[in-house]
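**Q** Pasting a structure below so you can have a look.
Number of protein chains: 2
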Amino acid sequence: MILNSTSVYVRMGLSSSADAASVDSMTLFVLLLCACIIFGHLLQKSKWMTESVVALIIGLVTGIIILVSTGGKSSRVLVFNEELFFIYLLPPIIFNAGFQVKKKQFFRNFLAIVLYGVIGSLISFLIVSLGSLQLFKKLDIDLMALGDYFALGAVFSATDSVCTLQVLNQDETPHLYSLVFGEGVVNDATSVVLFNAIQKFDLSHITPTNIFQFIGNFLYLFLTSTFLGVAVGLFSAYLIKKLYFGRHSTDREIALMILMAYFSYMLAELLDLSGILTVFFCGIVMSHYTWHNVTENSRITSRHAFATLSLISEIFIFLYVGMDALDIEKWRFASNSPWTLFGTSAIMLSLVLLGRAAFVFPLSFIANLFRKSRNDKIAFKQQVVIWWAGLMRGAVSIALAYNKFTTSGHTQLQGNAIMITSTIIVVLLTNVVGGLLTKPLIRLMLDPHKHVGSSMTYDFVSEKTLPLLSNGEDSESNIDTGNPIDSSKVVHHYWRMFDDTFMRPVFGGRGFVPLIPASTTEDTQH
Amino acid sequence: MILNSTSVYVRMGLSSSADAASVDSMTLFVLLLCACIIFGHLLQKSKWMTESVVALIIGLVTGIIILVSTGGKSSRVLVFNEELFFIYLLPPIIFNAGFQVKKKQFFRNFLAIVLYGVIGSLISFLIVSLGSLQLFKKLDIDLMALGDYFALGAVFSATDSVCTLQVLNQDETPHLYSLVFGEGVVNDATSVVLFNAIQKFDLSHITPTNIFQFIGNFLYLFLTSTFLGVAVGLFSAYLIKKLYFGRHSTDREIALMILMAYFSYMLAELLDLSGILTVFFCGIVMSHYTWHNVTENSRITSRHAFATLSLISEIFIFLYVGMDALDIEKWRFASNSPWTLFGTSAIMLSLVLLGRAAFVFPLSFIANLFRKSRNDKIAFKQQVVIWWAGLMRGAVSIALAYNKFTTSGHTQLQGNAIMITSTIIVVLLTNVVGGLLTKPLIRLMLDPHKHVGSSMTYDFVSEKTLPLLSNGEDSESNIDTGNPIDSSKVVHHYWRMFDDTFMRPVFGGRGFVPLIPASTTEDTQH
């Protein structure tokens, strides 16, 4: 299929017409990334700031400086590029999330995650779409076609899983992290499907056939994307086990892992599946099998190299969003009607708050019905945190909004410009307010004694993934963080049996003892 | 300076007009990269193949398949993009080379390296330029202006340090590796300066002033580039020592190292210096100071992560060159005159062979005059290996040729098309022949007992960098690989004193004992 394409044509890198300027901006960008890491570290001691907020602020400040230094002439400081985001920045973040996720927690909460991520996103989508349709009409700022309101619903139902990773800590609040982050990943897929469905479907007459078609479409997308990720992950495990096992080819092992993970994402995108879901499950499978088939040095390197790539991508995105917020062009169009802009932003923000409340509390109630142990139920205070932590909208929303309301980053229509600027305002507000208040909120709502100081726990946490390296244990062994319910225990038991009997002999994985004489070389190093 | 630029404008990623096609080619490319690593590994057991040759061949085969499958319609399979090469692919390779280079060997051979890299490149440049001028006239294929011949000389005097890394092994032949690779780095800088000087200078009347100007220009470039690299490297060491020392923030440490190294390269390019020299010295300083200030996990991760990035970039380049070789457009122009093409290619190849012989043997003689110990002199057999191993022309030559003879990858002039195709032929020939014959040549010319089997030594070698991690020793401790001459011993002694007294207290480095209570956490892991 790939080779049949008549236009296999790679155009990467900076456009040659803007050579010198590109080197300028690249240098500036790299410098700003360094600054974000340094200031993020320095400000981390205060329990309020997250690195993403630091990056947003640095981006905004830089944007202002550039605007002032160019005398406001440079109408385009930085063009938000969807492809840069979806092809280069998002994959490492989601892959790393899958690679580092606590698998047991994730699968134990699977029902709740799917409830939030699919049904919840749909509820949120409907509330935002229909709410904005009604309110915009009432306020006489009815600027758009019917389809645009539904697109708006999809844009604002995309929770930003990247932000979630920043405010919730997997080791401090594993249960919440797994719920909110898991929801974010499933929700990303839902939003993209919704968004594409809306672009294609005739919305003027919604029929039951349409709805079934949509549900079928979603199930197909969810299952095939997951299957593809699992398949590529398993293939990588098998390949590395056969080719390199015990050969100490650390660089090649890591290179293969990175390339295969990226391949899974690109292949999914090529087949119009959800690359996000695919690469997430590829990460899970790789950490369950492939990671155990490589040398100890590869294990340490892969853990940290993937986390580093993800960190750089995250900071890059927030810096990008911060700088892009100041794009003069769209503000110029929107500034003719400041009250309209204010109105739309306020409406969207309220609808996002409302839309999320409308599904978190009812769906948590439903999820709790399936949980027998009292300890395991999602308490009301936890529900509040889930509601709050998932409010942040980020780069996915911006990317979708640009896709819908601009033509390759530019717009001349006032209605579209207002939608873009409202999106940016909501993203900035939810990120800054959310970023600043989530940590205090968690301390307030949940047990305060567990969270002494975030900077201390941070230092502890970042190396915590590593004790499991030497004795071959897996993240799965953290069973004591909550009492699993019986049914999940049974499922896990059967999975274990299946894994041990059929999967591990083929794909390696934990406990697969390296049978290599060269392993003595490693032992003498320590 | 950066902020004053009126057009700070980032355009990265794939052009939006070619979205689907780009995803196609990206997916294909990632798949091919995987294939190169896998086949490279499988073929490594044969002592003839190097990974670069495998990548070249896979690239060629893929190009043929695409051509056939599109029925020869797709005239542009892949556009060679200078920026992709110089901004994204080259920096990690050169940085990694500096980071992993055996510093003692490099500095001990510094005189010979500068002789080869500067004087040698100039000799080679003059021979290729004047030789092609004479021979092309005799063969009646005089297609170009005077300046083009000199540009050709610069193009073909650019030794490919990437290829050198592939055929020579730092641990098998450290002395030769350091000479040929060191020459490659200095030579890269010389070629780029030469190339730029030729574009600017009036070549019709070369005056002594011009020549002095050129020498001054080169010295300025060499010294400022080196200084910039050292400065950024030292700053990174200081920063990480102050900020993170003992904090177990592995991901942030690695991210900062990567970003600062990249920053040094971009800044050098922005200031019209040699980014290659800068990032090489930045790598050396980072491995001498910064690397010792980070946690043990960061050390393992950085060694392997940088090597992995470099590996992927290298394979990418060769795959790229292999695929680009089949670009129909230029072959169409060149195929009207197959004999001319054959003639030019043969002439260029002979001149490259001759130009290299003309400086390796005389300059080795001069370098030997300064070496007292008989063991330390460059033997004739070694000179032959140096001559042969540096013959390969690679992506730098192609990038310079494209820069000179095309307008953003396209050309309509027959003379230019012939120059591009000749360059590609020379690059392919030197790489395939060089890649296949260098290892046997080394076995033939040098002590055969030392090199039992390359695949065995390879496995041993790839982990060999790591025993020095645990006990804090440095690559510098391999003193027994050759008898250092007295003067270098004295220089090294004073450098050591200076380093211990002034540098290490500020910038950290080897032996700077971590004073952290948290270090016990690390100990328990092993």
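Protein chains in written order, with my numbering: chain A, 1234 to 1759; chain B, 1234 to 1759. Don't be surprised by glycine CBs; every beta carbon is placed ideally from N, CA and C.
If we count Cβ pairs, one from each stretch, closer than 8 Å, do we get three or more for the segment 1544–1563 of chain B versus the segment 1497–1506 of chain B?
**A** No: fewer than three Cβ pairs fall under 8 Å.
**Q** Cβ atoms of Thr1406 of chain B and Leu1679 of chain B: under 8 Å apart, would you say?
**A** Reading the second sequence from its first residue, position 446 is the one you call residue 1679 of chain B. Reading the second sequence from its first residue, position 173 is the one you call residue 1406 of chain B. Yes, Cβ-Cβ distance for Leu1679 of chain B and Thr1406 of chain B is below 8 Å.
**Q** Less than 8 Å between the C-beta atoms of Ala1464 of chain B and Asn1526 of chain B, yes or no?
**A** Within the second sequence, residue 1464 of chain B is the residue found at index 231, counting from 1. Within the second sequence, residue 1526 of chain B is the residue found at index 293, counting from 1. No; because the gap between Cβ atoms is not below 8 Å, this pair is not in contact.
**Q** For Phe1592 of chain B, which three-state DSSP category applies?
**A** Here the question's residue 1592 of chain B lines up with position 359 in the second sequence. Helix at Phe1592 of chain B.
**Q** Closer than 8 Å, Cβ to Cβ, to anything on chain B: give me those residues from the segment 1485–1509 of chain A, in chain order.
**A** The segment 1485–1509 of chain A vs chain B, Cβ under 8 Å: Arg1485, Ile1487, Ala1488, Leu1489, Ile1491, Leu1492, Met1493, Tyr1495, Phe1496, Met1499, Leu1500, Glu1502, Leu1503.
**Q** According to DSSP, is Leu1701 of chain A part of a helix, a strand, or is it coil?
**A** For the purposes of this step, residue 1701 of chain A is taken as residue 468 along the first sequence, with counting starting at 1. Unreliable placement is indicated for Leu1701 of chain A, whose pLDDT of 34 sits below 50; no coordinate value is reported for it.
**Q** Can you find the residues in the same chain that come closer than 6 Å, C-beta to C-beta, to Phe1428 of chain B, ignoring five residues on each side of it along the sequence?
**A** On the second sequence, position 195 is the one that residue 1428 of chain B refers to. Within the same chain, Phe1428 of chain B has close Cβ partners Ala1387, Leu1633.
**Q** Can you check which of these residues, A:Thr1654, A:Leu1646, A:Asn1530, A:Leu1409, is closest to Trp1620 of chain A by C-alpha distance?
**A** As a working note, residue 1620 of chain A is residue 387 in the first sequence. Here the closest residue by C-alpha is A:Leu1409.
**Q** Name the chain B residues that come within less than 7 Å of Val1256 of chain A, Cβ to Cβ?
**A** Counting from 1 along the first sequence, the entry for residue 1256 of chain A is found at position 23. Near Val1256 of chain A (Cβ distances below 7 Å), the residues of chain B are Met1499, Glu1502, Leu1503.
**Q** Under 7 Å Cβ-Cβ, which residues of chain B neighbour Ala1540 of chain A?
**A** Within the first sequence, residue 1540 of chain A is the residue found at index 307, counting from 1. Under the 7 Å cutoff, chain B gives Asp1484.
**Q** So is Met1519 of chain A in contact with chain B if we call contact Cβ pairs under 8 Å?
**A** Residue 1519 of chain A sits at position 286 when you count from the first residue of the first sequence. No - not a single Cβ of chain B is within 8 Å of the one on Met1519 of chain A.
**Q** Which residue or residues does DSSP assign as beta-bridge partners of Thr1392 of chain B?
**A** Here residue 1392 of chain B refers to the residue found at position 159 of the second sequence. According to DSSP, Thr1392 of chain B bridges with B:Arg1626.
**Q** Against chain A, with Cβ distances strictly below 8 Å, would His1274 of chain B count as a contact?
**A** Looking up residue 1274 of chain B in the second sequence gives position 41. Yes - at least one Cβ of chain A is within 8 Å of the one on His1274 of chain B.
**Q** If you compare alpha carbons, which of A:Leu1264, A:Asp1404, A:Val1351, A:Ile1653 is closest to Asn1420 of chain A?
**A** If you number the first sequence from 1, residue 1420 of chain A lands on position 187. That would be A:Val1351, whose Cα lies nearest to the Cα of Asn1420 of chain A.
**Q** Measuring only the C-alpha atoms, how far is Lys1683 of chain A from Leu1677 of chain A?
**A** In the first sequence, residue 1683 of chain A corresponds to position 450, counting from 1. In the first sequence, residue 1677 of chain A corresponds to position 444, counting from 1. With a pLDDT of 47 at Lys1683 of chain A, under the threshold of 50, the modelled position of this residue cannot be trusted, and the question is left open.
**Q** For Ala1600 of chain A and Leu1348 of chain A, which I take to be in contact (beta-carbon distance under 8 Å), what is that distance rounded to the nearest angstrom?
**A** Position 367 of the first sequence, counted from the first residue, corresponds to residue 1600 of chain A. Position 115 of the first sequence, counted from the first residue, corresponds to residue 1348 of chain A. That belief holds up - the Cβ atoms of Ala1600 of chain A and Leu1348 of chain A are roughly 6 Å apart, short of 8 Å.
**Q** Hey, how far is the Cα of Lys1722 of chain A from the Cα of Pro1325 of chain B?
**A** One-based indexing of the first sequence puts residue 1722 of chain A at position 489. One-based indexing of the second sequence puts residue 1325 of chain B at position 92. In a straight line, the C-alpha of Lys1722 of chain A is about 47 Å away from that of Pro1325 of chain B.
**Q** Helix, strand or coil, according to DSSP, for Phe1603 of chain B in the structure here?
**A** The residue you call residue 1603 of chain B lines up with position 370 of the second sequence. In this structure, Phe1603 of chain B counts as coil in the three-state DSSP scheme.
**Q** Buried or exposed: Ala1378 of chain B, going by 16 or more other Cβ atoms within 10 Å of its Cβ?
**A** Sequence index remark: in the second sequence, residue 1378 of chain B carries index 145 (1-based). Exposed is the call here.
**Q** Ser1570 of chain B by DSSP, collapsed to three states: which one?
**A** Stepping through the second sequence from its first residue, residue 1570 of chain B is reached at position 337. DSSP places Ser1570 of chain B in coil when its eight states are reduced to three.
**Q** Kindly indicate which three-state DSSP category Met1377 of chain A falls into: helix, strand or coil?
**A** For the purposes of this step, residue 1377 of chain A is taken as the residue at position 144 of the first sequence. Three-state result, Met1377 of chain A: coil.
**Q** Which chain A residues sit within Cβ distance under 9 Å of Asn1601 of chain B?
**A** On the second sequence, position 368 is the one that residue 1601 of chain B refers to. Simply none; closest approach about 36 Å.
**Q** Which complete alpha helix (DSSP H) runs does the segment 1295–1354 of chain A hold, if anything under 4 residues is left out?
**A** Listed in chain order, the complete alpha helix (DSSP H) runs (minimum 4 residues) inside the segment 1295–1354 of chain A are 1323–1333, 1336–1341, 1343–1347.
**Q** What number of angstroms, rounded off, separates the C-alpha of Phe1455 of chain A from the C-alpha of Leu1275 of chain A?
**A** The residue given as residue 1455 of chain A occupies position 222 in the first sequence. The residue given as residue 1275 of chain A occupies position 42 in the first sequence. Between Phe1455 of chain A and Leu1275 of chain A, the C-alpha separation is close to 41 Å.
**Q** Consult DSSP for Arg1743 of chain A and reduce its assignment to one of helix, strand or coil.
**A** By one-based count along the first sequence, residue 1743 of chain A stands at place 510. Arg1743 of chain A: coil per DSSP, three-state reduction.
**Q** Using a threshold of 8 Å, state whether the C-beta atoms of Tyr1522 of chain B and Gly1741 of chain B are closer than that.
**A** Numbered from its first residue, the second sequence carries residue 1522 of chain B at position 289. Numbered from its first residue, the second sequence carries residue 1741 of chain B at position 508. Contact: yes.
**Q** Taking only three categories from DSSP, how would you classify Ala1288 of chain B?
**A** The count along the second sequence starts at 1 and reaches residue 1288 of chain B at position 55. In this structure, Ala1288 of chain B counts as helix in the three-state DSSP scheme.
**Q** When you compare only the Cα positions, how much space is there between Val1554 of chain B and Leu1544 of chain B?
**A** For the purposes of this step, residue 1554 of chain B is identified with residue 321 of the second sequence, where counting begins at 1. For the purposes of this step, residue 1544 of chain B is identified with residue 311 of the second sequence, where counting begins at 1. Approximately 16 Å, taken between the alpha carbons.
**Q** Going by C-alpha to C-alpha distance, which of A:Lys1610, A:Val1660, A:Thr1577 sits closest to Gly1648 of chain A?
**A** On the first sequence, position 415 is the one that residue 1648 of chain A refers to. Residue A:Thr1577 is the option with its Cα nearest to Gly1648 of chain A.
**Q** May I ask you to report which of helix, strand or coil DSSP gives Asp1557 of chain A?
**A** If you number the first sequence from 1, residue 1557 of chain A lands on position 324. If DSSP states are grouped into helix, strand and coil, Asp1557 of chain A belongs with the helices.
**Q** Report yes if the CB atom of Ala1558 of chain B is closer than 8 Å to the CB atom of Ile1657 of chain B, and no otherwise.
**A** Locating residue 1558 of chain B in the second sequence gives position 325, counting from the first residue. Locating residue 1657 of chain B in the second sequence gives position 424, counting from the first residue. In contact: Ala1558 of chain B and Ile1657 of chain B (Cβ atoms closer than 8 Å).
**Q** Please classify His1537 of chain A as buried or exposed, where buried requires at least 16 other C-beta atoms within 10 Å of its C-beta.
**A** Locating residue 1537 of chain A in the first sequence gives position 304, counting from the first residue. That one is buried.
**Q** Against chain B, with Cβ distances strictly below 8 Å, would Asn1664 of chain A count as a contact?
**A** Reading the first sequence from its first residue, position 431 is the one you call residue 1664 of chain A. No, Asn1664 of chain A does not count as interfacial toward chain B.
**Q** In this structure, does DSSP put Glu1405 of chain A in helix, strand or coil?
**A** Within the first sequence, residue 1405 of chain A is the residue found at index 172, counting from 1. It is coil, neither helix nor strand.
**Q** Any heavy atom of the ligand GTP closer than 7 Å to the Cβ of Glu1405 of chain B?
**A** The ligand GTP is absent from the structure shown, which contains no ligand whatsoever.
**Q** Within the continuous alpha helix (DSSP H) that includes Thr1216 of chain B, where are the two ends?
**A** This structure leaves residue 1216 of chain B out entirely; chain B is present only between 1234 and 1759.
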